[in-house]
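Enquirer: Per the numbering used here, the sequence shown starts with residue 568, numbered consecutively. This is the structure I have questions about; it appears just below.
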Amino acid sequence: MAKFIENGQRYQLDDPCIAPNSAGYLWNRKMMVHMNCRGFAVSQYMDPEPRKYAHVPNLAAQSFMQPEQPYFSHHPGRFFYLRDNQSGEMFSAPYEPMKVALDKFAFEPGLADIRWHLEKLGVALDISLSLSEEDVVEIWQVKLSNLTKQPRDLSLIPYFPVGYASWMNMGGHFDAALNAIVCSSVTPYQVVADYFKNQHFKDITFLAADRQPDFYEVSQSEFEGEGGLHNPSALQAGRNLANGEAHYELPAAIMQFHYPLAANQSQTLRLLFGPAKDKAEISALTQRYLYQHAGDQQAYQAYIAQGQGCLNVETPDQQFNHFVNHWLPRQIFYHGDSNRLTTDPQTRNYLQDAMGMVYLNPSATKAAIITALQQQKFSGAMPDGILLTADAELKYINKVPHTDHPVWLSIVVNAYLQETADYAFLQLPLGWVDKDVQSSVFEHVSKAMLFLSDANDERGLPYIAQGDWCDPMNMVGYQGKGVSGWLAEAISYALQLWAPICEQQQQSELATKLRLHAEQLNKRINHYFWDGAWYGRGITDNGRLFGINSDSEGKIFLNAQSWALLCGAASQQQKQLILHAIDEQLDTPYGVMMSAPAFTTMHDDIGRVSQKWPGSAENGSVYNHAAAFYAASLYASDEADRAFDVLRKMIPSNHQDDLKRRGQLPVYLPNYYRGAYYQYPRTAGRSSHLFNTGTGAWFYQQTIEKMFGLKGCEQGLGICPQLPSRWHQVSIVRHFRGAFFHINYSRSKALSDNTIKVQQTWPNAAQGAHLVLKQTERGVVVSGFMQAEHYYLTVQLAAGGVTDTAPTVAA
Ligand code: CEZ
């Protein structure tokens, strides 16, 4: 059985073969490790650019985490061979490379560590991996227990392959003084200038132990011999490791520890694995984490605990509760605090990640907005990436012009204001990247909105250049003419979000102007993109409207429909047609696909999205970020049940079939599940395992503000829930502007449709007296609350549910 344990703070998978690639991840601001249940690992750290310290056999792309990263024999991992020296029997932990069936297997990713409990040959292995709060190092602990009543003679052999680090220089040896295997390399380069640039690189990978090994080996091929990783020659026939070195050979850190264990006796080994610049750094790290390790685990736990969200829910859906209470805010914190481990995050990612942080730590959101706005051009344009360090450069995808970046400014600033009511922030003066003047945050964002309004062709439609939200849609407008239907909708939406903020700032003229532009855009959207039953996605350089019924592939794109709902371009009748088309063409048991049918061949007026494998990533997968936009559009158009269904399908279930199909545990949202449901049914639903995604911020926002209907406003906390109609009783705690709201939701037949009734239930006058409940046309607004106080409310909903747009209120 696979299930959540420890009140949802840890997951347990009891079979390494159901979902072989399932994994957990740990990170700090400088590194991350994606640890698979069978022992394979993908890890990287900042140096200051992203780098790897354990490599696949070919030179791996250093900066990217790959979707559906394949694992294979000789893929980096952290493995342990266990040999019974009396019988010669052997197995490997956690499962690879020997793949011997274990008597017991439990893979248990937790919030701040990853654990395994394994049993075989009358021996138990309790393995755990954790990180430090701030250093780049993996902290491993292995407890070896003799479960039998006989004394045992065991060898434990950690095998941590380092892999092909460099064609110039690589090798490794055991350093007795450090009690560590030290593998060195020279990062390959050819330009002299790079010699000077690379001086600071941590070109060493080390494995240190808190106990002297009895034997060691550093040459991977010597270890394997003819037996291979499944049965390494070096360990056959009772042999011990030969204390060999690696001399321009693939290095692996392999140590052999001899453990004579009495009946029921246990012994614990601690190991450190990671990169280092030099021996002094290894020595400092081992001192700190191997020998004075007392506080470190707590420090890392405290770090992870900073990622607690603002919502604790108890609904009839346990899986949902655990995910939303623990794992979703954790993933948002990972994004917001580590910036996905890059020095030049894409602007839209940076801003949406910051949006997620507003529910964890609004000051982080504020800081990110400031960083982004200081890199804005005086024209209002936003760069393709935000530079986070002095030496950072725009790289890879950020060298390709995308036209959507300013859109996300009004979305994130609006979210920040809703959560905090910190309107004073709008007056903060900030510089521009290309002009020596200071303008307020309000002026910065307003300029961005005006910039978006102006970047139009003769039809009044926004150019797409080499991409919008969809990075690989790079050839729709590369000749400078193509336009984006989605972007027209997104701009309309962004302007409509900004207009009320302009009013709040007494800038009603600007508000009117933006609203008028949005209105005109909506008209144009209907004129140019509506295709009879749904909206087209864009118009190419050659004037071809695509994403329409007459296309044989790429007929319908989800984003063009969702944002038409969000921006209000779609009428009620159009909405019904759109929903019908989505149900018919895009919905699957694993979520809603981003487009269909997936492209099977290159369309050179659309771009490299059509070259991606059909059903993967932007080419027709269940791309969760897009699905989250769709959920938002459903909440915005009073479709609470549909919206919940879209969000819920993103969370893998515990059932064997679902685990097998998705291959993923419910401890993070992946950026996609394979789509092309009708084209490639066998692989549909398979997870990308890529936990870098903008999905989390939107999922959390929609859950807090729409599903539970607890959205901040200038006066206080607005209450206007859109719970799934199948929930009759729900209780939650929402942390908001320093106060704690304990809210019980229930259904009442006595209430007429679209009605809610909010009451304060705490009889303590001292606490309750100052709370003000006010009816508004959008629900009830609660104000007058105080920091650190607890308030108790009941919310009754009409049995038929409520809508977001105009509930009448019985307070
Ligand atoms: O990257 C994401 C981007 O980080 O793709 C999204 C985009 O909105 C995000 O900003 C949709 O295109 O082929 C590519 O270049 C892709 O763009 C990928 O790199 C994609 C990955 O799925 C990473 O999450």
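Note that CB positions come from ideal geometry on N, CA and C, so glycine has one too.
Ignoring anything shorter than 3 residues or poking outside the stretch 774-856, list the beta strand (DSSP E) runs there in chain order.
Expert: Complete beta strand (DSSP E) runs here, min 3: 782-786, 818-828 and 833-843.
Enquirer: Less than 8 Å separating the beta-carbons of Gly1034 and Asn1023?
Expert: For Gly1034 and Asn1023, no; Cβs fall outside 8 Å.
Enquirer: On the premise that Gln913 lies in contact with Asp951, defined as a C-beta separation below 8 Å, what is that separation, rounded to the nearest angstrom?
Expert: About 7 Å; that satisfies the 8 Å criterion.
Enquirer: Inspect the beta-carbon positions of Gln823 and Tyr783 and report whether they are closer than 8 Å.
Expert: In this structure, Tyr783 lies closer than 8 Å to Gln823 by Cβ.
Enquirer: Using the Cα positions of Ala1061 and Ser1129, report the straight-line distance between them to the nearest angstrom.
Expert: Answer to the nearest angstrom: the Cα atoms are 14 Å apart.
Enquirer: Val1012 and Ser1059: beta carbons closer than 8 Å?
Expert: No, these two residues do not count as a Cβ contact at 8 Å.
Enquirer: Which whole-angstrom value is the C-beta distance of Pro676 and Leu1232, which I expect to be below 8 Å?
Expert: That pair is a contact at about 7 Å.
Enquirer: Under 8 Å by Cβ, that's how I've got Met1382 and Thr932 pegged, so tell me the actual separation to the nearest angstrom.
Expert: Residue coverage of the chain in this structure runs from 568 to 1378, which leaves residue 1382 outside it and unanswerable.
Enquirer: Considering only residues of the same chain and omitting the five flanking positions on each side of Ala1100, which have a CB-CB separation below 8 Å?
Expert: Counting only Cβ-Cβ distances below 8 Å, and skipping sequence neighbours, we find Asn1116, Leu1144, Ile1145, His1147 and Ala1148.
Enquirer: Between Asp1038 and ligand 1, is the CB less than 7 Å from at least one heavy atom?
Expert: The answer is yes for Asp1038.
Enquirer: Can you tell me which of Phe741, Arg719 and Ala760 puts its alpha carbon nearest to the alpha carbon of Ala775?
Expert: Minimum Cα distance to Ala775 is reached at Phe741.
Enquirer: Hey, would you say the C-beta of Ile964 is under 7 Å away from at least one heavy atom of ligand 1?
Expert: Yes, Cβ of Ile964 sits closer than 7 Å to a heavy atom of ligand 1.
Enquirer: Return the residue from the list Lys619, Phe1275 and Arg577 that minimises the CA-CA distance to Cys1287.
Expert: That would be Phe1275, whose Cα lies nearest to the Cα of Cys1287.
Enquirer: At 4 residues or longer, what runs of the alpha helix (DSSP H) sit wholly inside the stretch 971-1003?
Expert: As far as the stretch 971-1003 is concerned, its whole alpha helix (DSSP H) runs of at least 4 residues are 974-987.
Enquirer: Taking Ala939 as the reference, which of Leu714, Lys962 and Asn906 has the closest Cα?
Expert: Residue Asn906 is the option with its Cα nearest to Ala939.
Enquirer: Which whole-angstrom value describes the C-beta separation of Gly1263 and His902, a residue pair presumed to lie in contact below a C-beta threshold of 8 Å?
Expert: Going by Cβ atoms, the distance from Gly1263 to His902 rounds to 7 Å, so yes, they are a contact pair.
Enquirer: For ligand 1, I want to know if Asn1109 counts as a neighbour, meaning its beta carbon is within less than 7 Å of at least one of the ligand's heavy atoms.
Expert: No, the beta carbon of Asn1109 sits no closer than 7 Å to any heavy atom of ligand 1.
Enquirer: Measuring CB to CB, does Ile585 end up less than 8 Å from Leu878?
Expert: No. Outside cutoff.
Enquirer: Are the Cβ atoms of Leu1081 and Ala1066 separated by less than 8 Å?
Expert: Going by C-beta atoms, Leu1081 is nearer than 8 Å to Ala1066.
Enquirer: Using the C-alpha atoms, what's the distance from Gly947 back to Ala1203?
Expert: Rounded to the nearest angstrom, the two C-alpha atoms are 28 Å apart.
Enquirer: Can you give the Cα-Cα distance for Gly1182 and Tyr1240, rounded to whole angstroms?
Expert: Approximately 8 Å, taken between the alpha carbons.
Enquirer: Skipping 5 residues on each side, what residues in its chain have a beta carbon closer than 6 Å to that of Arg577?
Expert: Here the set comprises Glu675 and Gly677.
Enquirer: Using the C-alpha atoms, what's the distance from Leu895 back to Thr1260?
Expert: Going by the C-alpha atoms only, they are around 12 Å apart.
Enquirer: With DSSP as the reference, identify every bridge partner of Pro1029, one or two as the case may be.
Expert: DSSP, once it has assigned bridges, lists Asn1023 as partnering Pro1029.
Enquirer: If I'm right that Leu714 touches Ala691 with Cβ under 8 Å, what's the distance once you round it to whole angstroms?
Expert: That belief holds up - the Cβ atoms of Leu714 and Ala691 are roughly 5 Å apart, short of 8 Å.
Enquirer: So is Ala668 buried or exposed if we call it buried at 16+ other beta carbons inside 10 Å?
Expert: The residue is exposed, with fewer than 16 neighbouring Cβ atoms inside 10 Å.
Enquirer: Could you tell me the alpha carbon to alpha carbon distance between Gln717 and Tyr662, rounded to whole angstroms?
Expert: When rounded, the distance between both Cα atoms is 25 Å.
Enquirer: For the alpha helix (DSSP H) holding Gln1363, just list the boundary residues, first then last.
Expert: Segment His1357 to Ala1365 is the beta strand (DSSP E) holding Gln1363; no alpha helix (DSSP H) there.
Enquirer: Please indicate yes or no: does the CB of Glu616 lie closer than 7 Å to some heavy atom of ligand 1?
Expert: No, since every heavy atom of ligand 1 falls outside the 7 Å radius drawn around the Cβ of Glu616.
Enquirer: For the putative contact between Ser1162 and Met1169, defined by C-beta atoms under 8 Å, what is the C-beta separation to the nearest angstrom?
Expert: Not really, about 15 Å apart at Cβ, beyond 8 Å.
Enquirer: Report the CB separation of Phe1307 from Tyr1358 in whole angstroms; it is logged as a contact under 8 Å.
Expert: Indeed, because the Cβ distance is near 7 Å, the residues count as touching under 8 Å.
Enquirer: What would DSSP say about Lys1179, mapped onto helix, strand or coil?
Expert: If DSSP states are grouped into helix, strand and coil, Lys1179 belongs with coil.
Enquirer: Mind checking whether Ala1085 and Tyr1102 have CB atoms under 8 Å apart?
Expert: Cβ atoms of Ala1085 and Tyr1102: not closer than 8 Å.
Enquirer: Within 10 Å of its beta-carbon, does Ile572 have 16 or more other beta-carbons around it, so buried, or fewer, so exposed?
Expert: Label assigned to Ile572: exposed.
Enquirer: Pairing CB atoms from the stretch 606-615 with CB atoms from the stretch 633-653, are three or more of them under 8 Å?
Expert: A contact exists between the stretch 606-615 and the stretch 633-653.
Enquirer: Within the same chain, show all residues whose beta-carbon is closer than 6 Å to that of Tyr1247, passing over the 5 residues directly before and after it, in chain order.
Expert: Here the set comprises Gly1182.
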